[in-house]
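This report refers to the structure that appears directly beneath it.
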Amino acid sequence: TTRVGWWEQTLPPNIKRKSPAEKEFLEELVNAVAAVRVELSTIVDIQRTCDEIMAAVRRSWDAHAEAPRPSSRAKRWWNQTCTDELEALRTRRSRTTRRTFKRSVKKAKEQFYEERIAAAREKGKRVWDVVSWTNPRALPMYKALVHDGRLLVELDDLWSAVDATYNSAAHRAVDMSFLDDMPEVAERDFPPISRQELRDAITDVSGRSAPGSDHLRWPYVAALVKHDICGETLRVPPGGTPELPGKAV
Numbered sequence: 001t002t003r004v005g006w007w008e009q010t011l012p013p014n015i016k017r018k019s020p021a022e023k024e025f026l027e028e029l030v031n032a033v034a035a036v037r038v039e040l041s042t043i044v045d046i047q048r049t050c051d052e053i054m055a056a057v058r059r060s061w062d063a064h065a066e067a068p069r070p071s072s073r074a075k076r077w078w079n080q081t082c083t084d085e086l087e088a089l090r091t092r093r094s095r096t097t098r099r100t101f102k103r104s105v106k107k108a109k110e111q112f113y114e115e116r117i118a119a120a121r122e123k124g125k126r127v128w129d130v131v132s133w134t135n136p137r138a139l140p141m142y143k144a145l146v147h148d149g150r151l152l153v154e155l156d157d158l159w160s161a162v163d164a165t166y167n168s169a170a171h172r173a174v175d176m177s178f179l180d181d182m183p184e185v186a187e188r189d190f191p192p193i194s195r196q197e198l199r200d201a202i203t204d205v206s207g208r209s210a211p212g213s214d215h216l217r218w219p220y221v222a223a224l225v226k227h228d229i230c231g232e233t234l235r236v237p238p239g240g241t242p243e244l245p246g247k248a249v
């Protein structure tokens with residue numbers, strides 16, 4: 001549970017990226033999904049297959065996810081090696097363990113910032129764009145919130161501005177007459193989705209997506225798609241079956 005003053009929030013279990021736990025989770029996830037019995041003769045079979053896939057994902061996640069313990073002294077570059085070396089230093093204090101711990105911390109910092117610099121270069125940014133003090137200074141709240149030329153300094157004014165912005169067309173009737181001018185085309189079968197289409201679709205997705213209720217980040221989906229058995233399991237339901245073409249749950 002994270003507590004800041006009167007505000008309190010329970011953080012859900014998570015798996016740290018690029019950690020040994022994530023590696024074990026991916027290995028178990030691939031094996032669990034590959035073991036799912038795929039039968040797609042009817043809509044009921046398709047639903048059962050999808051449910052079993054999600055159950056396999058949920059079991060693998062629950063087995064490796066841990067509740068985070070945030071700290072005001074937490075560092076983004078800290079990794080599992082630093083934790084292990086710190087425990088070794090606390091257990092046996094000596095020059096050797098202290099030197100090993102400092103070496104691990106230095107290596108973790110170097111690796112963390114080298115990855116950030118490499119990511120900035122790939123996006124066409126300059127090296128100094130990574131640090132925040134070279135960016136424009138953020139405006140204070142009383143200057144940043146402006147609606148229709150006036151400052152929003154009261155909570156009621158902020159609510160009215162947000163409501164007017166996002167719900168301006170809530171009660172407006174939708175004119176569907178534009179569909180009358182669109183030419184009609186003949187109905188045709190939905191072609192099955194190939195493995196290569198799945199791989200092409202997963203290539204350009206973000207690697208830092210936030211997981212939803214299914215706990216599947218895009219890197220996890222990519223690992224499943226690249227696996228021979230799991231890729232075939234994920235390919236068939238969206239493509240439908242000979243008896244149920246293009247019908248997916």
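Going left to right, the sequence shown walks through residues 1 to 249 as the UniProt record's numbering numbers them. Note that CB positions come from ideal geometry on N, CA and C, so glycine has one too.
The beta carbons of arginine 195 and glycine 231 sit closer together than 9 Å. Take arginine 90, set aside five residues on each side of it, and no residue of its chain has a beta-carbon closer than 7 Å to its own.
Note on the segment 8 to 44: there is no whole beta strand (DSSP E) run with a minimum of 3 residues.
Within the segment 50 to 91, the complete alpha helix (DSSP H) segments of 4 residues or longer fall at 80 to 91, listed in chain order. When DSSP states are grouped into helix, strand and coil, leucine 151 belongs to the strand group.
By the 16-neighbour rule on beta-carbons within 10 angstroms, leucine 11 is exposed. One alpha carbon belongs to lysine 125, the other to threonine 49, and they sit about 45 Å apart.
Boundaries for lysine 123: no alpha helix (DSSP H) harbours it, and the DSSP string shows neither H nor E there.
With contacts defined as CB atoms closer than 9 Å, valine 33 and isoleucine 53 qualify as a contacting pair. Aspartate 228 has its alpha-carbon roughly 41 Å from the corresponding atom of leucine 86.
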